[in-house]
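Engineer:
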């Protein structure tokens, strides 16, 4: 609502300024208007008069972020790096048309200085196009030692035609994709580094985490087109997603890529600096710092385990078993379903892990007609017999699940034998209703398999988990925080703490080595991970209130009462990826990266571990490359592993 108010404020101001009759007009220049601070020194004063050359024309508003008008720039400048030479002039389309403006044309402007959404804007009362023309050369943007932070670097160039060249060191931190607040596709780049989710590196709510949050914001720039991008297209990168002579996608973007010689005018809207691109780019404008690989870069042992969230693999709409909840979240056509299966199966084959935990598989059984059987058939048809998988099943009754999706385990019987399979019922929350939150919350069971390994004394237990989503709501999100998220852990962090605590307790009862794998929906320093790996002495976290666990599939036992519980004990699992690669990431959200998927190992496995890695085939890629066509128009889709899901798989190798 605030953005809408801002835009209509611009429109109403434009109308009122045109209607004003001012007695005093100050002859000045753009640099004086912009000044050397965040606000114009001429703000609120009488009408100003100045001239500049047109660098970009906006004939149609871009949602609430860019009104009709044009960018102009002083033809000489003042040589002062601390003042911008450019500015945005808000004008009606009729005024732009009457003036017959063209790029490079020098115009005389009379108008009033306003600050709209922290951007200096001129509301024109008179536009006079001259017969002079001047080609503005883009200014290469660099940070100065005197800049307090990168946002000051950007502020010094607000309104100017700029260029990010190699020395600007701008990296993609959010790939081209749909951004809900903006309601359109765009991309985010960051100065010097990819932005890390603060809780990936620091304790939630800590001074360091909040400082990193601010730093991420200050070094980021949204890359925009002047018009809303058509589905499946990047207007300023027309070759994106096109096939090369081999039929492969060589025109792609990845998080971490450096962007070079990207030219546009710099504006500010909705609390973010935005570069509106004026010159198209090609693949040559990107340096791939984080190259694609066709298989994970890992040193192999004699046994490997992987985890992979496969992003709603559903076969019930295409002749598979019925979904128990009557839902379908995956492909919407047989063409999409075939491509989805091809991409996922190729990724699992390339992973080449001996035990694989799968999340977000349709919960419609294990037999023929189920989603997991369908996926396994596609995989095994491409493998030699010794490499083929089977689904972990048992004749014993497993705890039931009321969910459209579930966790599964596939493994190679040629290497390990299944000793026991159980489904650990995870905590449920049944708290009082508060506001729109019902108080009733659930999460998927922990599918837990114990394997015997030939020649090794101790069994290996692999527990596959999918903790409650950050995008859900639980009682604490409303009852304690009023939907606010002060520590950036997302929703339901207390419920995830309950899950971690209970899971750790149950797995402690199983002898031998243990791996906790799966999508724990928590960044590396967040409370649930710290419960499983280690809370510092004197530290504690809070579990959710009114949580219960089922026993024997029906009776319920209370885990924690009305006040929840303060958890100060932890279970000393090893975060294997963080141990070897502290900067690793496997998920990207809102321009920040981190890890949500884990392989946590009991200390007994440390000496047996050979290697571990995130295989970055999904999180760095644009979501436009996913199998779905709904938001991508006629864009090419590729039968490869890239963007086979939104989460990256993780794989670990051992020498038993």
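In the numbering used here, the protein residues as written are 5 to 660.
The C-beta atom is built at its ideal place from N, Cα and C for all residues, glycine as well.
Give the list of continuous alpha helix (DSSP H) stretches no shorter than 4 residues that lie fully inside the region 518-594.
Structural biologist: Those alpha helix (DSSP H) runs which fall completely within the region 518-594 and span 4+ residues are 531-537, 580-584.
Engineer: With DSSP collapsed to three states, give me the class of residue 372.
Structural biologist: coil
Engineer: Could you give the distance in angstroms between the alpha-carbon of residue 445 and the alpha-carbon of residue 432?
Structural biologist: 6 Å
Engineer: Comparing alpha-carbon positions, which option in 413, 386, 405, 385 lies nearest residue 397?
Structural biologist: For residue 397, the closest alpha carbon among the candidates 413, 386, 405, 385 is that of 413.
Engineer: Would you call residue 461 buried or exposed, if buried means 16 or more other Cβ atoms sit within 10 Å of its Cβ?
Structural biologist: exposed
Engineer: Just to confirm my understanding: we take residue 641, look at its own chain, exclude 5 residues before and 5 after, and list those with CB closer than 8 Å. What are they?
Structural biologist: 343, 629, 631, 633
Engineer: Write down the C-beta distance between residue 364 and residue 317 rounded to the nearest angstrom, noting that I regard them as a contact closer than 8 Å.
Structural biologist: 7 Å
Engineer: Can you tell me where the alpha helix (DSSP H) holding residue 474 begins and where it ends?
Structural biologist: No alpha helix (DSSP H) holds residue 474; DSSP gives it neither H nor E.
Engineer: If you count every other CB in all the chains shown that lies within 10 Å of the CB of residue 170, and 16 or more means buried, which is it?
Structural biologist: exposed
Engineer: Along the chain, which unbroken stretches of the alpha helix (DSSP H) at least 4 residues long are found entirely within the region 79-154?
Structural biologist: 97-103
Engineer: In angstroms with no decimal places, state the Cα-to-Cα distance between residue 474 and residue 311.
Structural biologist: 19 Å
Engineer: Which residues in the same chain as residue 82 place their Cβ atom closer than 6 Å to its Cβ, once the five residues preceding and following it in sequence are excluded?
Structural biologist: 35
Engineer: To the nearest angstrom, how far is it from the Cα of residue 693 to the Cα of residue 452?
Structural biologist: Coverage of the chain is limited to positions 5 through 660, which leaves residue 693 absent and any answer about it impossible.
Engineer: Flag this pair as yes or no: are the beta carbons of residue 463 and residue 522 separated by less than 7 Å?
Structural biologist: no
Engineer: To the nearest angstrom, report how far apart residue 42 and residue 130 are at their CA atoms.
Structural biologist: 26 Å
Engineer: Where are the alpha helix (DSSP H) runs, 4 residues long or more, that stay fully inside the region 338-384, in chain order?
Structural biologist: 338-355, 375-384
Engineer: Hey, would you say the C-beta of residue 239 is under 6 Å away from at least one heavy atom of the ligand MN?
Structural biologist: Absent from the structure shown: the ligand MN. Ligands present: none.
Engineer: What does the Cβ neighbour count give for residue 112, buried or exposed, with the cut at 16 atoms within 10 Å?
Structural biologist: Per the 10 Å Cβ criterion, exposed.
Engineer: So, is residue 199 buried or exposed, given that buried needs 16 or more other C-beta atoms within 10 angstroms?
Structural biologist: buried
Engineer: Between which two residues does the beta strand (DSSP E) harbouring residue 174 extend?
Structural biologist: 174-183
Engineer: Between the Cα of residue 395 and the Cα atoms of 401, 386, 381, which residue gives the shortest distance?
Structural biologist: Closest option to residue 395, Cα to Cα, is 381.
Engineer: Compare the C-beta of residue 365 with all C-beta atoms of chain B and state if any pair is closer than 7 Å.
Structural biologist: Annotation note: the requested chain B is absent from the structure, which comprises a single protein chain.
Engineer: List the DSSP bridge partners of residue 413.
Structural biologist: 361
Engineer: If we call anything under 7 Å between Cβ atoms a contact, is residue 77 one with residue 140?
Structural biologist: yes
Engineer: Here's a check: name, in chain order, each residue in its chain whose Cβ is nearer than 6 Å to the Cβ of residue 554, leaving out the five neighbours to either side.
Structural biologist: 429, 560
Engineer: Please list the terminal residues of the continuous beta strand (DSSP E) segment that includes residue 662.
Structural biologist: Examination of residue 662 is not possible in this model, given that the chain is present from 5 through 660 alone.
Engineer: In this structure, does DSSP put residue 651 in helix, strand or coil?
Structural biologist: coil
Engineer: Contact check, residue 303 vs residue 601 under 8 Å by CB: the rounded distance?
Structural biologist: Between residue 601 and residue 303 the Cβ distance is about 20 Å, and since that is not below 8 Å, they are no contact.
Engineer: Report the residue from 313, 320, 114 whose alpha carbon sits nearest the alpha carbon of residue 338.
Structural biologist: 320
Engineer: Rounded to whole angstroms, what's the CA-CA distance from residue 191 to residue 546? Just pull it up for me.
Structural biologist: 36 Å
Engineer: Note the first and the last residue of the continuous beta strand (DSSP E) segment covering residue 302.
Structural biologist: Premise fails: residue 302 is in no beta strand (DSSP E) and is neither H nor E.
Engineer: Would DSSP call residue 505 helix, strand or coil?
Structural biologist: Three-state DSSP puts residue 505 in a helix.
Engineer: Return the residue from the list 205, 332, 80, 85 that minimises the CA-CA distance to residue 137.
Structural biologist: 80
Engineer: Report yes or no: do three or more beta-carbon pairs, one from the region 57-76 and one from the region 101-117, lie closer than 8 Å?
Structural biologist: yes
Engineer: Quick check: residue 298 and residue 283, are their CB atoms within less than 7 Å of each other?
Structural biologist: Between residue 298 and residue 283, the gap from beta carbon to beta carbon reaches 7 Å or more.
Engineer: Alpha carbon to alpha carbon, what distance is there between residue 651 and residue 495?
Structural biologist: 19 Å
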